[in-house]
Amino acid sequence: MQKNDVVTVTIEDIGVNGEGIGKVDGYTLFIKDGIIGDTVEAKIMKAKKNYGYARLMNIIEPSSYRVEPRCPIARRCGGCQLQEMSYEKQLEFKNNKVRGNLERIGSFAPKFLEQVMEPIVGMDEPFYYRNKAQFPFGADKEGNPITGFYAGRTHNIIANTDCAIGVPVNKEILGLILAFMKKYKVSAYDEKTGKGLIRHALIRYGFTTKEIMVCLVINGTLIPHSEELIEELRQVEGMTSISISRNIKRTNVIMGDSYKVLWGQGFITDYIGKTKYQISPLSFYQVNPVQTEKLYGLALEYAGLQGDETVWDLYCGIGTISLFLAQKAKKVYGVEIVPQAIEDARNNAKINRITNAEFYVGKAEEVLPEYYRKYGEEHPGEEAHADVIVVDPPRKGCEESVLKTMAEMKPEKIVYVSCDSATLARDLKYLRGKGYEVEKGRAVDLFPMTVHCEICVEMCRKK
């Protein structure tokens, strides 16, 4: 295959970035905007030895799974990858992706997975589900402020205030901010020059409480005429918190290190089940509350708590899973590297009147081994023990030192919550080698219209 060759190819799978995957005479091509079942004409843009990248030129025969996208700019925008594929097929694709990684990376037998893996948990309404969105700001060719989302693999802003997976009120809020910027000639940030003021708008929405937060990330210390903007935003029903976060670094990191409240309070509240959470601009909080409740419900079910267990929750964030578990456990220890998150976790325990949860700031790969070592020193002849360990690590999965210490603590159960089935499969393989086996597992679709999902797995110690 050579660059600029035009080929006909049938899309057989979807890649990690949402691109269609097909083969021509055994040569793999990645083709953006192709979906499973499409037969397309594609032009090769980059050819490597065993694979290449191609541009979709024409859809010769559309897939039976192809649908009209809800959003008119879905193809150009990088926020969604799968809007043109039916939701039923999206769920099937994600289920197959999880099982494929468990087989290929985790060395699980297909028959075993048939026995332990339950069907993926989908959504009744897979649109307008996100309770958080971060909108970059820029300028069009005429110098007018715009906001929207980046085109795939670029930092070119596709102007759009009406996102099909965000909450509808975002459109009203963004319209007010853009009108304010135009009226007072407040500049948008330019990544190329490092100049301009408004970088991003973070909007959070409480699905249960209907509370709204707006935090503007700025390349400076204040917004001129901010009192007029505050007055406009206060008119939005549910507005609870208006703040700014200063970020003057030439970086892709969105938020600054801190924030300043301009009006209202520094947080919104929301519920997962009966547990109440205070969420600040810097808090990590799952973006899909409907599915998060189902995911955490699975984690609680898999933990099988009877009321007398000691539980460790690693990578606990603001205590979302910890506080779920604490209602059924004797004691819960949460570990998280971000100090602000631990502060939020302790506060969330307080407002829910939960007294049996304790939180540590630090890296899980340092805190847990250190606790295990010190316990052995202080209690000669004994080993630190946990009845259940729950982990919800970032995409890179767990450090081996964490997995090793977990196995040494001999919990009866390990509940692994993952946002990446590849690193999950790798870590499960390690734990199987340390005397644990998968009892149940299930994917939960927290991110409809994208290639991502969450997985919850229950492992038990073999006798």
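Residue numbers (the numbering used here): 619 to 1081. Think of the CB as a built atom: it goes at the ideal place given N, C-alpha and C, for glycine as much as any other residue. Predicted, not measured: the structure shown is a model, and the values here were computed from it.
Drop a sphere of 10 angstroms on the beta-carbon of T765, count the other beta-carbons inside from all chains shown, and report buried for 16 or more, exposed for fewer.
Position 147 of the sequence shown holds residue 765. It counts as buried.
Check the Cβ-Cβ distances between T858 and every residue of chain C, and say whether any is below 8 Å.
Included in the structure is just one protein chain, with no chain C present.
Tell me whether the beta-carbon of V1006 lies closer than 8 Å to the beta-carbon of E927.
Looking up residue 1006 in the sequence shown gives position 388. Looking up residue 927 in the sequence shown gives position 309. It is a contact, given that the beta carbons lie within the stated cut-off.
What do you reckon, are the CB atoms on Y747 and I723 nearer than 8 Å?
The residue given as residue 747 occupies position 129 in the sequence shown. The residue given as residue 723 occupies position 105 in the sequence shown. For Y747 and I723, no; Cβs fall outside 8 Å.
By Cβ distance below 6 Å, which residues in the same chain neighbour K828 in space, the five residues on each side in sequence not counted?
Translated into positions along the sequence shown, residue 828 becomes position 210. So the list reads G856, once near-sequence residues are dropped.
Can you give the Cα-Cα distance for N719 and W881, rounded to whole angstroms?
Position 101 of the sequence shown, counted from the first residue, corresponds to residue 719. Position 263 of the sequence shown, counted from the first residue, corresponds to residue 881. If I take the Cα positions, the gap works out to 47 Å.
Let me confirm a value: G925 is counted as buried when at least 16 other C-beta atoms fall within 10 Å, else exposed. Which label applies?
The residue given as residue 925 occupies position 307 in the sequence shown. That one is exposed.
Give the DSSP bridge partners of Y1054, in chain order.
Translated into positions along the sequence shown, residue 1054 becomes position 436. BP columns for Y1054 point to R1079.
Taking 8 Å as the threshold (C-beta atoms), are N622 and C695 in contact?
Along the sequence shown, read from residue 1 onward, the residue named residue 695 stands at position 77. Along the sequence shown, read from residue 1 onward, the residue named residue 622 stands at position 4. Going by C-beta atoms, C695 is not nearer than 8 Å to N622.
So, at 7 Å on beta carbons, what are the nonlocal neighbours of R688 in its own chain, with the 5 sequence-adjacent residues on each side left out?
Sequence index remark: in the sequence shown, residue 688 carries index 70 (1-based). Closer than 7 Å at the Cβ level, and outside the excluded window around R688, lie Q701, F745, A782.
Y903 and V1033: beta carbons closer than 8 Å?
Reading the sequence shown from its first residue, position 285 is the one you call residue 903. Reading the sequence shown from its first residue, position 415 is the one you call residue 1033. Their beta carbons are not under 8 Å apart, which means Y903 does not touch V1033 by this criterion.
For a quick check, are the C-beta atoms of T893 and N974 less than 8 Å apart?
The residue labelled residue 893 in the question sits at position 275 within the sequence shown. The residue labelled residue 974 in the question sits at position 356 within the sequence shown. Their beta carbons are not under 8 Å apart, which means T893 does not touch N974 by this criterion.
Determine the contact status of E659 and I639, defining contact as a CB-CB distance below 8 Å.
Taking the first residue of the sequence shown as 1, we reach residue 659 at position 41. Taking the first residue of the sequence shown as 1, we reach residue 639 at position 21. Result no, Cβ atoms of E659 and I639 do not sit closer than 8 Å.
Classify M1024 as buried or exposed, calling it buried when 16 or more other Cβ atoms lie within 10 Å of its own Cβ.
The sequence position of residue 1024 within the sequence shown is 406, counting from 1. Flag for M1024 reads buried.
When the Cα atoms are used, what is the spatial distance from S859 to Y669?
Within the sequence shown, residue 859 is the residue found at index 241, counting from 1. Within the sequence shown, residue 669 is the residue found at index 51, counting from 1. Whole-angstrom Cα-Cα distance: 49 Å.
Below 8 Å, can you find three or more Cβ-Cβ pairs linking the stretch 864 to 876 to the stretch 927 to 947?
In short, these stretches do not touch, since the Cβ pair count stays below three.
May I ask you to check if the CB of T887 is nearer than 7 Å to at least one heavy atom of the ligand GDP?
For the structure depicted, the ligand GDP is absent and the ligand set is empty, with no information on it obtainable.
Please return the same chain residues whose Cβ sits closer than 8 Å to the Cβ of R1044, not counting the five positions on each side in sequence.
As a first step, residue 1044 is located in the sequence shown; it is residue number 426 there, counting from the start. The residues are I723, G724, G1015.
Using 8 Å as the threshold, is the C-beta distance between P1012 and Y933 below it?
By 1-based counting over the sequence shown, the position of residue 1012 is 394. By 1-based counting over the sequence shown, the position of residue 933 is 315. Result yes, Cβ atoms of P1012 and Y933 sit closer than 8 Å.
Within a Cβ cutoff of 8 Å, which residues of the same chain sit near L709, ignoring the five residues on either side of it in sequence?
Residue numbering aside, residue 709 sits at position 91 when the sequence shown is read from its first letter. Contacts found: I738, G740, D1063.
Looking at the secondary structure, which residues open and close the alpha helix (DSSP H) in which T938 lies?
Translated into positions along the sequence shown, residue 938 becomes position 320. Here the alpha helix (DSSP H) through T938 covers 938 to 944.
Mapping DSSP to helix, strand and coil, what is K1047?
Here residue 1047 refers to the residue found at position 429 when the sequence shown is read from its first residue. K1047 falls in the helix class under three-state DSSP.
In the DSSP output, what is K750 paired with across the bridge?
Translated into positions along the sequence shown, residue 750 becomes position 132. In the DSSP output, where bridge partners are listed per residue, K750 has R822.
Output yes or no for whether 8 Å exceeds the beta carbon distance between F885 and E850.
Numbered from its first residue, the sequence shown carries residue 885 at position 267. Numbered from its first residue, the sequence shown carries residue 850 at position 232. In this structure, E850 does not lie closer than 8 Å to F885 by Cβ.
Evaluate V804 with the Cβ neighbour count: other Cβ atoms within 10 Å of its Cβ, from every protein chain shown; 16 or more gives buried, anything less gives exposed.
The residue labelled residue 804 in the question sits at position 186 within the sequence shown. Answer is buried; the Cβ neighbour count reaches 16.
Cutting at 6 Å between CB atoms, please list the residues of its own chain near Y671, excluding the five before and the five after it.
Walking along the sequence shown from the start, residue 671 turns up at place 53. Counting only Cβ-Cβ distances below 6 Å, and skipping sequence neighbours, we find F648, M663, K664.
Would a C-beta distance cut-off of 8 Å place G812 and R852 closer than the cut-off?
On the sequence shown, residue 812 is found 194 positions in, with the first residue counted as 1. On the sequence shown, residue 852 is found 234 positions in, with the first residue counted as 1. Result no, Cβ atoms of G812 and R852 do not sit closer than 8 Å.
For S682, count neighbouring Cβ atoms within 10 angstroms of its own Cβ and tell me buried if that reaches 16, exposed if not.
Within the sequence shown, the letter at position 64 stands for residue 682. Classification for S682: exposed.
I897: buried (16+ other C-beta within 10 angstroms of its C-beta) or exposed?
Within the sequence shown, residue 897 is the residue found at index 279, counting from 1. With 16 or more Cβ atoms within 10 Å of its Cβ, I897 is classed as buried.
Spell out the partners DSSP gives D888 in its beta bridges.
If you number the sequence shown from 1, residue 888 lands on position 270. Its beta-bridge partners are Y895.
Under the rule that 16 or more other beta-carbon atoms within 10 Å means buried, what is K715, buried or exposed?
Counting from 1 along the sequence shown, the entry for residue 715 is found at position 97. Flag for K715 reads buried.
At 3 residues or longer, what runs of the beta strand (DSSP E) sit wholly inside the stretch 973 to 1027?
Complete beta strand (DSSP E) runs here, min 3: 975 to 979, 1006 to 1009.
Specify the secondary structure class of K707 as computed by DSSP and reduced to three states.
As a position in the sequence shown, residue 707 is number 89, starting the count at 1. In the structure shown, K707 sits in a helix (DSSP, three-state: H, G or I).
Alpha carbon to alpha carbon, how far is E1018 from K667? Give it in angstroms, no decimals.
Within the sequence shown, residue 667 is the residue found at index 49, counting from 1. Within the sequence shown, residue 1018 is the residue found at index 400, counting from 1. So the two alpha carbons sit approximately 34 Å from each other.
Name the two residues that bound the continuous beta strand (DSSP E) containing P763.
In the sequence shown, counting from the first residue as 1, residue 763 sits at position 145. Run containing P763: 763 to 768, per the beta strand (DSSP E) assignment.
Using the DSSP secondary-structure output, state which residues sit across from N676 in a beta bridge.
Taking the first residue of the sequence shown as 1, we reach residue 676 at position 58. According to DSSP, which records beta bridges pairwise, N676 is partnered with E659.
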